[in-house]
Amino acid sequence: MDTTVCPWCQTEIVWDEEIGPEENCPYCMNELKGYRTLNIQIGDEEENNEEQPDWVEDGEEGDDTSFWAQEDMQHHLPPSIRTLDKFEESHDLMNYEENVEKILDEQEEVPECPKCRDYMILAGTQEITDQGFVPTQFSALKAPVIKPPFRLNMYICTGCFHVESNLTEEDRLRMVDHLSREKA
Numbered sequence: 010m011d012t013t014v015c016p017w018c019q020t021e022i023v024w025d026e027e028i029g030p031e032e033n034c035p036y037c038m039n040e041l042k043g044y045r046t047l048n049i050q051i052g053d054e055e056e057n058n059e060e061q062p063d064w065v066e067d068g069e070e071g072d073d074t075s076f077w078a079q080e081d082m083q084h085h086l087p088p089s090i091r092t093l094d095k096f097e098e099s100h101d102l103m104n105y106e107e108n109v110e111k112i113l114d115e116q117e118e119v120p121e122c123p124k125c126r127d128y129m130i131l132a133g134t135q136e137i138t139d140q141g142f143v144p145t146q147f148s149a150l151k152a153p154v155i156k157p158p159f160r161l162n163m164y165i166c167t168g169c170f171h172v173e174s175n176l177t178e179e180d181r182l183r184m185v186d187h188l189s190r191e192k193a
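Numbering (this note's numbering), first residue to last: 10 to 193.
Structure (structure tokens):
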């Protein structure tokens, strides 16, 4: 059986040899043969005199500054997304990454950042109380989805410093228990 990786959704597609590959990905429905790569010019225009198209077809020659041509995309994101890179000259990022790895090894959950896809570290928990929290009341339920007090895990991205939060395991179970017992 032949294997292809969709350039759009990065899903591995295994094709039957008798049927052969299709033109569209069965998962994201994007065109497999017409994949295009954006080239982002880095540096001054005077330094780069070669004119190149804004996009190249898959398999065509392009320069190495192509955003999607990088093997390890999460460490080659544009500086506007991967904020960590701007601290490279003033800080020991090798030591930073070693310490981040040690922290990630201790975590039970290691979510990916929705913005840059780096891993997020658990910074701590935040307790939500009655004060300042107004629960949404749905007509399908007799009580709010979750009642305070409850706690949130706060995660910080190690690459772009985006902050995400989710319910602690205890409060997830409490919410699932509540919604599974609630009669509509």
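Ideal Cβ positions, reconstructed from N, Cα and C, are used throughout, including at glycine.
Would you identify the three-state DSSP class for Val-172, choosing helix, strand or coil? strand
With burial defined as no fewer than 16 other Cβ atoms inside 10 Å of the residue's Cβ, what is the status of Met-129: buried or exposed? buried
Any idea if Thr-207 is buried or exposed, counting beta-carbon neighbours within 10 angstroms, 16 or more meaning buried? Missing from the structure shown is residue 207; the chain here goes from 10 to 193 and no further.
Rounded straight-line distance, which links the Cα of Leu-113 to that of Thr-138: 29 Å
What's the gap between the Cα of Glu-136 and the Cα of Asn-39? 43 Å
Which of helix, strand or coil does DSSP assign to Glu-121? strand
Going by DSSP in three states, Arg-126 sits in which element: helix, strand or coil? coil
Tell me, please, which residues DSSP counts as bridged to Leu-131. Tyr-164
Those residues which DSSP pairs with Trp-17 across a bridge: The partner list for Trp-17 (beta bridge, DSSP) is empty, contrary to what the question assumes.
Between which two residues does the alpha helix (DSSP H) holding Leu-102 run? 102-115
Alpha carbon of Lys-153 to alpha carbon of His-171, nearest angstrom: In the sequence on display, residue 153 carries Pro and not Lys. Roughly 29 Å separates the two Cα atoms.
What whole-angstrom Cβ distance do Trp-24 and Pro-30 have, given they're in contact under 8 Å? 5 Å
Alpha carbon to alpha carbon, what distance is there between Asp-127 and Ile-1? This structure gives no information on residue 1, because the portion of the chain shown stretches from 10 to 193.
The alpha helix (DSSP H) with Ser-189 in it runs from where to where? 178-190
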